[in-house]
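Engineer: Sharing a structure here in structure tokens format.
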Amino acid sequence: HNESIQHQIQNLLSQLSPLQTKSLPSTMAKNQPRVFIIGTGLSSHLSSLPLTTLSILSRADVILHDALSLSIDEIKLIVPSTCQIINVGKRGDSAKSWKQQDIDELLLQYALEKGKEESSVPKYNTIVRLKGGDPFLFGRTYTEINALSSNSIPYHVTFGLSSCVAGVHMAGIPLTDAATSCQSFAVFSGTNALGKGLGDDTDENEMNWEMDVGGVDTLVFLMIGRLDKLRNLCQTLISSSSSKETKNKKWDRETPCAIVQNSGRDNQRVWRSTLDQIVDDIQSDLSQTKTNAEDNAVLSVSPAIFVVGPTTRLNLLDE
């Protein structure tokens, strides 16, 4: 079945224009492994991916995939039966998770491993690092590329649509809109490398909101699904505008905002509210679906995107 899929993909590629065909990375040089770093955007299904990406996956020897890239079932539909598939997805906060250094080392291990018969021949020729979204946007790709480059291992990067744009639009929320006088947006990581929320009261998160983004119309925060972090961030935004020293009163308790959970997936959910009420509204909504009384406290809606600004009132995809 997988070989048939691979054959069909190659036939389709061969029928494309020369310009499009050249976009597919050339076959690996003899005795030289190649690593493909691929962003899958918001795609949860193979049918949403480019043909070039499908072609690479169909001949993969090793797949290291994130939690928000393709599911294991989707991956198995296209890779060879001999392909090794390893989930190296990270989990936020206190959940057990792969460390980035370990992922870098594992990538190198597969890229440098030699076959048993001839020591000069690589054991794995096509190694795929599969990431959700875009590899260069909050993707921690630098250390992986640095590890590959330091060992003279060739690599190729395929970029994908980031959730900071496509994920917001999937909820029917435009990031900019002339009718609402929104002409700019800014994107932040809601959680830093140490696991601290952007709105948490820590020295690492000191930020002059008025100076840094006071003139921005729409704010987008990724990795902010834990509700205690979300509440702190909302209060920080409200406080930044309520201070006597602050001239810009852009964000207050009534500022519209939205949370988009599982954007682009079959189980996508969107909550629209205000900075003062968004967390309470989410907890109230989700607690009604809980069957176990002791589980009524909703702690997280990860993976989630938090959007702040007038355009969150809109739903351009409302049918």
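According to our numbering, the stretch in the sequence shown is residues 907 to 1225, in order. Even glycine gets a Cβ: it sits at the ideal position worked out from N, Cα and C. Note that the coordinates shown come from a computational prediction; the quantities given were computed from them, not determined experimentally.
Using the rule of at least 16 other Cβ atoms within 10 Å of the residue's Cβ for burial, across every protein chain shown, is Ser1087 buried or exposed?
Structural biologist: Looking up residue 1087 in the sequence shown gives position 181. That one is exposed.
Engineer: Around the Cβ of Tyr1030, are there at least 16 other Cβ atoms within 10 angstroms (buried) or fewer (exposed)?
Structural biologist: In the sequence shown, counting from the first residue as 1, residue 1030 sits at position 124. It counts as buried.
Engineer: Please name the residue, chosen from Ser975, Leu919, Pro1080, that lies closest to Pro1041 on a Cα-to-Cα basis.
Structural biologist: The residue labelled residue 1041 in the question sits at position 135 within the sequence shown. Nearest option by C-alpha distance: Ser975.
Engineer: So, is Asp1123 buried or exposed, given that buried needs 16 or more other C-beta atoms within 10 angstroms?
Structural biologist: Stepping through the sequence shown from its first residue, residue 1123 is reached at position 217. Classification of Asp1123: buried, given that the 10 Å Cβ count is 16 or more.
Engineer: For the alpha helix (DSSP H) containing Thr988, name the first residue and the last one.
Structural biologist: The residue you call residue 988 lines up with position 82 of the sequence shown. It is not in any alpha helix (DSSP H) - Thr988 carries neither H nor E in the DSSP assignment.
Engineer: Would you say Gly1078 and Gly947 are within 8 angstroms of each other, going by their C-beta atoms?
Structural biologist: One-based indexing of the sequence shown puts residue 1078 at position 172. One-based indexing of the sequence shown puts residue 947 at position 41. No, Cβ-Cβ distance for Gly1078 and Gly947 is not below 8 angstroms.
Engineer: Can you give me the Cβ contacts of Phe1091 inside the same chain, cut-off strictly under 8 angstroms, excluding the 5 residues immediately before and after it?
Structural biologist: Position 185 of the sequence shown holds residue 1091. Excluding residues within five positions, the ones whose Cβ falls inside 8 angstroms are Leu1081, Thr1082, Val1122, Asp1123, Thr1124, Leu1125, Val1126, Gly1215.
Engineer: Is there contact here, the stretch 1180-1195 with the stretch 1216-1225, by at least three beta-carbon pairs under 8 angstroms?
Structural biologist: Flag = no, the stretch 1180-1195 and the stretch 1216-1225 do not touch.
Engineer: Tell me, please, which residues DSSP counts as bridged to Gly945.
Structural biologist: Taking the sequence shown and counting its residues from 1, the one referred to as residue 945 is at position 39. Answer is Lys1037.
Engineer: Do you know offhand how far Ser977's Cα is from Leu970's?
Structural biologist: As a first step, residue 977 is located in the sequence shown; it is residue number 71 there, counting from the start. As a first step, residue 970 is located in the sequence shown; it is residue number 64 there, counting from the start. Cα-Cα distance, rounded: 12 angstroms.
Engineer: Is the beta carbon of Ser1147 closer than 8 angstroms to that of Asp1134?
Structural biologist: Position 228 of the sequence shown holds residue 1134. Position 241 of the sequence shown holds residue 1147. It is not a contact, given that the beta carbons lie outside the stated cut-off.
Engineer: If you draw a straight line from the C-alpha of Gln1174 to the C-alpha of Lys1020, how long is it?
Structural biologist: Residue numbering aside, residue 1174 sits at position 268 when the sequence shown is read from its first letter. Residue numbering aside, residue 1020 sits at position 114 when the sequence shown is read from its first letter. Cα to Cα, the separation comes out at about 43 angstroms.
Engineer: Please work out which residues of its chain come closer than 7 angstroms, Cβ to Cβ, to Leu1205, disregarding the five sequence neighbours upstream and downstream, and give them in chain order.
Structural biologist: The residue you call residue 1205 lines up with position 299 of the sequence shown. Contacts found: Arg1132, Leu1133.
Engineer: If contacts are defined as beta-carbon pairs under 8 angstroms, then Ile984 and Ile911 qualify, I think. What distance do you get, rounded to the angstrom?
Structural biologist: The residue given as residue 984 occupies position 78 in the sequence shown. The residue given as residue 911 occupies position 5 in the sequence shown. Ile984 to Ile911, Cβ: 6 angstroms. Contact.
Engineer: Give me the Cα-Cα distance between Asn993 and Ala973, rounded to the nearest whole angstrom.
Structural biologist: Along the sequence shown, one-based indexing puts residue 993 at 87. Along the sequence shown, one-based indexing puts residue 973 at 67. Rounded to whole angstroms, Asn993 to Ala973 spans 7 angstroms at the Cα level.
Engineer: Tell me whether Thr1047 sits in a helix, a strand or coil according to DSSP, three-state version.
Structural biologist: Counting from 1 along the sequence shown, the entry for residue 1047 is found at position 141. Reduced to three states, the DSSP call for Thr1047 is coil.
Engineer: In whole angstroms, what separates the C-alpha of Val1074 from that of His951?
Structural biologist: Walking along the sequence shown from the start, residue 1074 turns up at place 168. Walking along the sequence shown from the start, residue 951 turns up at place 45. Approximately 19 angstroms, taken between the alpha carbons.
Engineer: For Leu1136 and Ala1210, what's the separation of their Cα atoms in angstroms?
Structural biologist: Within the sequence shown, residue 1136 is the residue found at index 230, counting from 1. Within the sequence shown, residue 1210 is the residue found at index 304, counting from 1. Leu1136 and Ala1210: Cα-Cα distance of roughly 10 angstroms.
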